[in-house]
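Everything on this sheet refers to the single structure shown next.
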Amino acid sequence: MKTPQLFSHSAVESLLPEVLGDRFQELAFKLARKAGHRCEVTGYPYPAIKPQPGKKNPSTVLMMEVRDTDGNNQPMAPVAIKKRLKAEGLTPKTVRMVCPLVFWSRHVDLALKYGRGELIFAPWMTQGEAVTLFRTLMIADAQTGHDPDHPAYEQASEVIDAVALQMGNHGLLNEVLALPEDTEWDSEVWLKTLKQLTKRERRVYIDRFAKHLRLWPSKTSFSVLSGYWANNAHAPDAALNPDSHESRPSGNWVRRYYPIFTDSLDILTERNRAKAKTT
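Be aware that the sequence shown starts at 42, since it is given in this note's numbering, and climbs by one per residue.
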């Protein structure tokens with residue numbers, strides 16, 4: 042995924058846990074089992090969670106996302122999507138199971154509404170890389186107690202905050218989005234305003250400015266999953282083939298991505314210092 046998707050179809054929100062309540066797990070688990078308990082976009086494994094105390098049934102972390110293409114993989118109009126969903130119900134044909142980080146990246150308006158993340162300026166990495174980096178850092182943070190001497194583990198939580206602070210500060214966003222300096226930044230208001238533009242105006246604005254934004258997930262919202270990710274921290278070899286159910290460990294994600302991120306962060310810091318000297 043190169044860039045996040047800013048707007049979502051209305052039917053997507055109707056399948057959120059916040060909307061369905063207790064019915065969500067009942068419906069989602071059946072579809073997750075049919076999907077092999079892995080994300081149908083990335084192939085990343087999401088094993089079922091054993092029943093919690095006081096509950097009889099296992100649960101899933103995967104999110105339900107309404108499919109927006111037909112049997113020939115052609116885009117469907119919003120009216121057609123709703124009509125099919127109403128006629129056929131929730132089935133693997135109408136809904137796919139998606140990793141929560143990928144899900145919210147594909148529905149930024151809902152992510153902002155429900156506090157699942159914030160917008161940052163990061164044109165040097167794709168949205169997919171942002172998701173991988175965030176999950177890696179969350180895994181590292183969860184591993185602190187097991188390997189306290191590794192700097193990546195110790196600094197993981199601080200790095201997550203640094204991304205939001207340095208790449209998502211309001212002054213920077215106003216500048217890169219061509220807004221007046223004295224604009225009081227509000228991501229939801231910005232999105233609603235963007236949606237009111239004509240299709241052509243919105244397309245031009247997104248291509249010139251908004252395409253450089255990424256959704257940075259909320260550390261607080263996903264803290265409950267850090268231990269879960271740590272226990273399943275192996276990227277499947279089948280990632281490029283979602284239909285495959287094979288998975289193998291592929292090395293230490295933290296040691297792979299931490300140096301790449303710190304190098305990028307150093308470059309950004311130097312740019313900010315150079316800019317400060319010229320002002």
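The C-beta atom is built at its ideal place from N, Cα and C for all residues, glycine as well. Please read these numbers as outputs of a predicted model, since none were measured by experiment.
Please confirm whether residue i and residue j have their CB atoms less than 8 Å apart.
| i | j | result |
| --- | --- | --- |
| Trp-270 | Met-179 | yes |
| Val-143 | Val-102 | no |
| Asp-150 | Leu-232 | yes |
| His-211 | Ser-49 | no |
| Ser-259 | Gly-130 | no |
| Pro-141 | Met-104 | yes |
| Ala-203 | Gly-268 | no |
| Ala-52 | Leu-153 | no |
| Glu-195 | Thr-185 | yes |
| Tyr-246 | Leu-238 | yes |
| Leu-220 | Ala-251 | no |
| Glu-159 | Ser-264 | no |
Run through DSSP, which three-state label would residue i get?
| i | result |
| --- | --- |
| Phe-162 | strand |
| Met-179 | helix |
| Thr-44 | coil |
| Leu-153 | helix |
| Ser-262 | helix |
| His-148 | coil |
| Ala-219 | coil |
| His-50 | coil |
| Phe-70 | helix |
| Ser-198 | helix |
| Thr-185 | coil |
| Asp-307 | helix |
| Glu-225 | coil |
| Leu-206 | helix |
| Phe-65 | helix |
| Leu-142 | helix |
| Ala-279 | Unreliable positioning characterises Ala-279 in this predicted model, as indicated by a pLDDT of 36, which lies under 50. A coordinate reading is not provided. |
| Gly-268 | helix |
| Thr-167 | coil |
| Ile-247 | helix |
| Asn-313 | helix |
| Thr-173 | helix |
| Leu-232 | helix |
| Leu-214 | helix |
| Leu-126 | helix |
| Thr-319 | helix |
State the beta-bridge partners of residue i as determined by DSSP.
| i | result |
| --- | --- |
| Val-136 | Val-107 |
| Leu-256 | Leu-160 |
| Pro-86 | Arg-79 |
| Ser-100 | Ile-90 |
| Pro-116 | Thr-110 |
Pull up the CB-CB distance for residue i and residue j, whole angstroms please, since I reckon it's below 8 Å.
| i | j | result |
| --- | --- | --- |
| Glu-81 | Met-138 | 5 Å |
| Arg-108 | Thr-83 | Not a contact, Cβ separation roughly 16 Å. |
| His-78 | Tyr-87 | 6 Å |
| Gln-168 | Thr-44 | 6 Å |
| Pro-133 | Lys-75 | 5 Å |
| Ala-325 | Ala-181 | The structure shown does not extend to residue 325, since the chain is modelled only from 42 through 320, so no value can be given for it. |
| Leu-235 | Arg-244 | The pair is not a contact, with the Cβ atoms about 11 Å apart (cut-off 8 Å). |
- Query: Do the stretch 157 to 169 and the stretch 48 to 60 meet, that is, are 3 or more Cβ pairs less than 8 Å apart?
  - Reply: Counting Cβ pairs under 8 Å, fewer than three are found: no touch.
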